[in-house]
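Note sheet for the following structure.
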Amino acid sequence: MVKQDRARRTYALVLNAAAEEFAAQGFAGANLETIARRTGLTKGALYGHFPSKAALSAELTRRFEQRWQEALDAAAYSDSAPVQVLDALLTNLADHVRNDALFGAGLRLVMDRAWSEGLRAKQVQELQELLLRLVAVAQEGGMVDRSHRPEVLSRLLLAVLLGLRHLSAGSPEAQGDDSPQMWRMLLPPVRRAAPAERPEGSPTPHAAQER
């Protein structure tokens, strides 16, 4: 039991050290010797947990994809008012980007890989589609000003979220828990007064998706 606990702690230590390295350097620039130094392990001991840089990257990517999908699913199937869903979704993702090293590293890895292939990351595309649906439903329910093009507004929200990754990298003063305040500053100018709960008969994001 003691050996298992020590192995789990070491595994977590390696993942966190790798996350810091990948977030700062990307996959190409990440160095296993630097990761080993961060953990205090020898390179051989590091290989006992992960046989390669690719294996470390794959585990960070897997964890990121799981957390990302959970956040999107929670928003897509929520029965709350669309503007409330937008607020909760963006606050949740922004908090992960700024304060969860493993999540931030996974985000950089998937975005860098897609960029190197001349593609857009699947996760980013799925998020923009969800934001577009939420904005459209909010406009249909009279909660967001219809003078705003939903395509432009959804891209703006996405750009602010992804920009946090660059602002937060290597900047301790940017790590405060101000994500809720940030979104509540951005959303009011584009919305109308929304009721506390979704108006009766207005569609949910999931319902709009099924149309």
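When we follow the numbering used here, the leftmost residue of the sequence shown carries the number -16, and every step to the right adds one. Glycine included, each C-beta is placed from N, C-alpha and C at the ideal position. Remember, it's a predicted structure, so these values are computed and weren't measured experimentally.
When you compare only the Cα positions, how much space is there between residue i and residue j?
i	j	result
residue 60	residue 128	23 angstroms
residue 44	residue 76	16 angstroms
residue 92	residue 9	6 angstroms
residue 84	residue 94	15 angstroms
residue 39	residue 32	9 angstroms
residue 107	residue 70	18 angstroms
residue 132	residue 139	11 angstroms
residue -11	residue 16	21 angstroms
residue 249	residue 48	Look at the range of the chain in this structure, -16 to 194, and you will see that residue 249 is not part of it.
residue 78	residue 141	14 angstroms
residue -5	residue 86	14 angstroms
residue 124	residue 96	38 angstroms
residue 105	residue 23	36 angstroms
residue 42	residue 137	30 angstroms
residue 100	residue 126	39 angstroms
residue 63	residue 11	42 angstroms
residue -13	residue 46	21 angstroms
residue 134	residue 110	12 angstroms
residue 90	residue 122	30 angstroms
residue 74	residue 21	30 angstroms
residue 50	residue 82	14 angstroms
Within 10 angstroms of its Cβ, does residue i collect 16 or more other Cβ (buried), or is it exposed?
i	result
residue 116	buried
residue 245	Here the chain has residues from -16 to 194 only, and residue 245 is not among them.
residue 0	buried
residue 98	exposed
residue 88	buried
residue 6	buried
residue 102	exposed
residue 255	The requested residue 255 is not part of the displayed model; the chain covers only -16 to 194.
residue 130	exposed
residue 118	buried
Taking Cβ positions, are residue i and residue j nearer each other than 8 angstroms?
i	j	result
residue 14	residue 4	yes
residue 120	residue 65	yes
residue 19	residue 26	yes
residue 113	residue 58	yes
residue 29	residue 54	no
residue 80	residue 147	yes
- Message: Please give me, in chain order, every unbroken run of the alpha helix (DSSP H) with length at least 4 that falls completely inside the stretch 90 to 152.
- Response: Taking only runs of at least 4 residues, the alpha helix (DSSP H) segments lying wholly in the stretch 90 to 152 are 105 to 123, 133 to 151.
- Query: Which full runs of the alpha helix (DSSP H) of 4+ residues lie inside the stretch 32 to 62, going along the chain?
  - Reply: Runs of the alpha helix (DSSP H) inside the stretch 32 to 62: 36 to 59.
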